[in-house]
Amino acid sequence: MPNQDVLIIGAGLAGQRAALAAAQAGATVGIISKVHPVRSHSVAAAGGINAALNPEDTWESHAFDTVKGSDYLGDQDAIEVMCREAPGEILWLEHAGVTFHRNETGHLGTRAFGGASAARTYYVADITGHAILHVLYEQLMKHSTQVDSYEEWFTTDLLQDDDGRCIGAICRNLRDGHLEVFNAKAVILATGGCGQAYKPTTNGLIVTGDGIAQAYRIGAKLMDMEMVQYHPTTLAGNGLLITEGARGEGAWLLNAEGDRFMERYAPNKLELASRDVVSRAEQTEINEGHGFPDGTVALDITKVPRRRTLEALREIVNIGRDFAGVDITREPIHIRPGQHYIMGGVKTDVDGQTTIPGLYAAGEVACVSVHGGNRLGANSLLDTLIFGRRSGEHSAARAIQTSMPATPATRVADAERYIAAIINRDGGGRRVAAIKHELGETMNQYAAVFRDAEGLATAHEIIRRLKEEAPRATVDDRGSVFNQDVIGAIELGYMLDCAEAIVIAAEERKESRGAQFRTDFPKRNDDVWLKHIDVTVNGADVPEVSYSPVTITKWEPQERTY
Amino acid sequence: MPAYTLRIRRFDPQSGEAPHWDEHTVDMPETQSVLDAILKVRDEVDGSVGIRCSCQQAICGSCGVRMNGKPGLACNTHLGEAAERGHGVGWNPPEEGQVAPVIAVEPMGNMPVIRDLIVDMDAVHWKKIRRVTPWLVNQQPVPEREYIVPHENMVDVTQTMACIQCGACVSDCLAMEVDPLFVGPAALAKAYRFVGDPRDAQHRERLQDLAEDEHGIYDCTHCFNCIDACPKGVDPMSQIMRLRRRAGSDYEIEDRNNGYRHEHAFVNNIRRNGLLHEADLLPDSYGGKFNPRAVPELIGALPTAMTALRRGKMTPKTALGHPHKAPAEVKRIFEKVEGRSGRVELNLYVTGYEDEPEATGGGQRETATAAEPNAQGRPESVGAGERQPAAESLDADAVASETGTTEGETR
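Chains P and C, in that order, are what the protein sequence lines are.
For the first sequence, the residue numbers in the working numbering are 340 to 901.
For the second sequence, the residue numbers in the working numbering are -6 to 404.
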């Protein structure tokens, strides 16, 4: 029974950064991940990370762009924290070994990104997330005496004491199936988003909303769940991501008639308007019949000099070739908006504290809220690192004043019975994959770029039905060594919880703001809806909606054009 | 839509059964990936098939497997491509009258199997990564802002940074099969990521360590398997050769494995003879026929020499005399290459693709652009590593001035 001051669940960028910060602050740290840390989906982040580090740039400019990008739903105190601390974080990463792109003078170089008023995106080719994740793991190996890493352990339950304080977790070792209690003075969730609730999605198969649902189930508030980002450039068939870096380097968007349609939707920023704006423009073109027959528009990367593409956009050259059969340096590639990111998540303050004492969250699982209605490209890596670090530091400080909790042994027995019940299901239900597929298509149809009351009600109905069906879903694998089948069944429940929260919040918000566009309420309505929607469940699994105010410090809401 | 016979290697340690093959027929377009086919089986037929996978776009590195004998990522290997491979258990001779081409998927090699297609990467791959001090040891003082580093260096180490730790190179490393203690391709590529990084303070120490280790850089046998296996163009073997060149030429580390002396003996042998004179290579690698260090090696090699004599591969005359003399062209190549101020480095990862017509300059770099002096005050070579020695050896300058690139990276 391992005891830790700080237990971190999830080992992507937020989790690893939290682990390093907590260890630095003197805490004993355990980090648990259901996959090896370098497989975490942060690895797929491509384009870069924002910071106002150039002497000509200011953090206020970065913050304003972020506020505007959020459609004024972001909390400005949190955005200020993130943007102020961004330059220091980039330098920390550089010193830790990230191989950031250099300019001709050998200094850090930048590229342009969407929704930004200056080129402030630092990058490593188009593998920025991968490069940072692997460097953090290098640091984790370096500090292996201070941080215990539990790789390929799946968290089944968050533990609470009688006062509701989070005191650890129960986790299953995937290698042999045994369950272990991890006691901790503080727990940090860093499990990422829930993109697999959508199909297609740019997110990996592991991105199943585990932490969002686990926190939700023990009573934590979720916030801004209706805000689901559709990335403007994903491949038609499989939803794979083509980085925004392509447009940052100068690629154009064209409809089937060869028209550079962004001139009509965002005359100033064109392709580099914020993502919600570009995705909506594309979807409008497609819906109005200006797209290609496969329901796409074209991204023309041949506008970028070929040498530059090969050096700075290497990964999407490979993706185009391997997954679409297209040489992007020679011809346009067909793309469309695809589910990419969830701005919402477990509600936290700027130190990562959720509404449950002792429970923290950082990264995509959390909602601080710095992204509000729409996240700017290259702000997500920043979010993971800044709030990962802050959670690590704050939880370590908290741990010093807290005594080590103990968990009653009955909790393990409960968890064992729960797993055994899944493994011993007698079958007869639909397959997990079939239910997941129906969920994904439902969300992609009704809770996507354009939404309305009727569609959302339909989606909600389907989700309720799937929630009833999921506990009977067929499980084939009866073993305990790497039983991925049983994990898949548990993850299905997590995705359904996330999907329901998304749909409830989207039904609630009767206006259009950021990524939420209601065709039945097409205008932003600050008088009524300049507020966050929070969703919680009580014991009876009936979600409840409440509101919390948006924090405004410097920037009053204005009309938003690009 | 073509049909494929998907054979999956199954192993469940709890079952008490030996590993066996499961067979499924899948109807899918040939451009779908092998992982798509495996997931189709798992989703629709048998949920117990074990395989690690996540991103489905060749970046997370989870789904390393062997497909019809060749290691790689299941997610970026097309069914059609895998089916065409003509060897191993997935051999597809038309005359066998198979219903559909076979694609046989097995766990990677050189690592213990945990279950089905899942191998124990901690036991081998990650243990070796840890062996090479896999983190930056910062040059002091750490600057207040960023380290100032040439662009070329950062692009150069980005090649090894692009490694996704999938283990495909480890799977089919022949040297590791013979010597399980070999540090191996992935970990040595990781070592180059620091040796090539001007911000690292321990280039010499790292090189010395890996040169002196008998399972280190001189344990590689140049079989190219890792280069074939790597799905990300990291070219581990090229990185190993670059480590050797830095150890031998830049730092003159005379290792106890004789790697340094062997490479020098090789070069001098060619300089003298034009073609390789095998009989001299061994003794010269140990300081010459009369060097006491060479005597036991020569005695040890006697059985091989006797066999060669008996088979006519060598005669006393060719063994003792020097029938070849290096022609003038060879001498000119040596003069030209050695007359340069820096090393010519070819790196197609940095410079692009062979069919790139507009590439000019910068394709090959004379390494004089470099920066940071090394421990001996000499310039550390910057930029890229050699990739295509064939092109380089003929007339590298001419090649450079023409196109900037040579042989292609076509993966």
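Using N, Cα and C, we set each Cβ at its ideal position, and we do this for glycine too.
What's the gap between the Cα of proline 376 of chain P and the Cα of asparagine 542 of chain P? 16 angstroms
Distance, Cα to Cα, phenylalanine 860 of chain P vs glutamate 565 of chain P? 15 angstroms
Once you ignore the five residues that flank arginine 504 of chain P on each side, which residues in its own chain have a CB closer than 8 angstroms to its CB?
Ile695, Pro696, Gly697, Pro744
In angstroms, rounded to a whole number, what distance separates the CA positions of glutamate 385 of chain C and isoleucine 326 of chain C? With a pLDDT of only 33 at glutamate 385 of chain C, under 50, the local geometry of the prediction cannot be trusted, and no value is derived from it.
Q) For glycine 415 of chain C and chain P, any beta-carbon pair shorter than 7 angstroms? A) It is not possible to answer for residue 415 of chain C, since the shown part of chain C is limited to -6 through 404.
Quiz prompt | Burial state of alanine -4 of chain C, where buried means 16 or more other Cβ atoms lie within 10 Å | solution = exposed
Report yes or no: is there a C-beta of chain C within less than 7 angstroms of the C-beta of leucine 544 of chain P?
yes
Excluding sequence positions up to five away, which residues of its chain have a Cβ less than 6 angstroms from the Cβ of glycine 827 of chain P? Val771
>> Taking a contact to mean a Cβ-Cβ separation below 7 angstroms, would you say phenylalanine 521 of chain P touches alanine 508 of chain P in this structure?
In response: yes
Open item on the list: Please classify lysine 407 of chain P as buried or exposed, where buried requires at least 16 other C-beta atoms within 10 Å of its C-beta.
Closed with: buried
Exercise for the section: Run through the region 726 to 774 of chain P for me and flag every whole alpha helix (DSSP H) of 4 or more residues, listed as ranges in chain order. Expected result: 749 to 762
#### Entry: Separation of proline 426 of chain P from alanine 366 of chain P, as counted between CA atoms
26 angstroms
inquiry  = So if I threshold CB-CB distances at 8 angstroms, which residues from the region 11 to 22 of chain C count as touching chain P?
reply    = none
Where the region 441 to 459 of chain P meets chain C: residues whose CB sits under 9 angstroms from a CB there
Arg441, Asn442, Glu443, Thr444, Gly445, His446, Leu447, Gly448
* **Boundaries (first-last residue) of the beta strand (DSSP E) holding glutamate 490 of chain P** => 486 to 490
Q. Counting along the chain, where does the beta strand (DSSP E) carrying serine 372 of chain P start and finish?
A. 368 to 372
- Looking at the structure shown, is aspartate 29 of chain C part of a helix, part of a strand, or coil, going by DSSP? helix
Does chain C have any CB closer than 7 angstroms to the CB of lysine 373 of chain P?
no
Report yes or no: do the region 376 to 396 of chain P and the region 744 to 756 of chain P share at least 3 C-beta pairs separated by less than 8 angstroms? no
field: Residue nearest to asparagine 266 of chain C in terms of C-alpha spacing, selected from C:Thr18, C:Val171, C:Ala319
entry: C:Ala319
inquiry  = Does proline 810 of chain P come out as helix, strand or coil in the three-state DSSP assignment?
reply    = helix
Notebook entry, point to check: Using CA coordinates, which residue listed in P:Ile829, P:Ile471, P:Asp688 is at the minimum distance from aspartate 416 of chain P?
Noted result: P:Asp688
N-terminal and C-terminal residue of the beta strand (DSSP E) that serine 885 of chain P is part of: 882 to 888
Review point. For isoleucine 96 of chain C, which of C:Gly281, C:His118, C:Arg59, C:His317 has the nearest alpha-carbon?
Key: C:Arg59
**Neighbourhood of arginine 764 of chain P by C-beta, 6 angstroms cutoff - its chain only, sequence neighbours within 5 removed** = Val814
**Request:** Flag this pair as yes or no: are the beta carbons of arginine 192 of chain C and glutamine 132 of chain C separated by less than 7 angstroms?
**Result:** yes
Margin query: Tell me which residue opens and which closes the alpha helix (DSSP H) that lysine 329 of chain C is part of.
Written below: 321 to 331
State yes or no: is the beta carbon of histidine 679 of chain P nearer than 7 angstroms to at least one beta carbon in chain C?
no
#### Entry: 9 angstroms Cβ cut-off: residues of chain P touching tyrosine 140 of chain C
Glu433, His434, Gly445
Local conformation of methionine 230 of chain C per DSSP, three classes
helix
* Asked: What three-state label does DSSP hand arginine 653 of chain P in the structure shown?
  -> helix
Can you name the residues of chain P whose CB is closer than 7 angstroms to the CB of histidine 196 of chain C? Neighbours of histidine 196 of chain C on chain P: none; closest Cβ ~14 angstroms, over 7 angstroms.
_By DSSP's criteria, cysteine 68 of chain C is part of a beta bridge. Which residues make up the other side?_
For cysteine 68 of chain C, which the question treats as bridged, DSSP gives no partner whatsoever.
**Cross-chain neighbours of glutamate 37 of chain C in chain P, by beta carbon under 9 angstroms** = Arg770, Ala772, Ala773
Practice problem: Name the two residues that bound the continuous alpha helix (DSSP H) containing isoleucine 122 of chain C. | Solution: 120 to 124
- request: Could you tell me whether the Cβ of phenylalanine 493 of chain P comes closer than 7 angstroms to any Cβ of chain C?
  value: no
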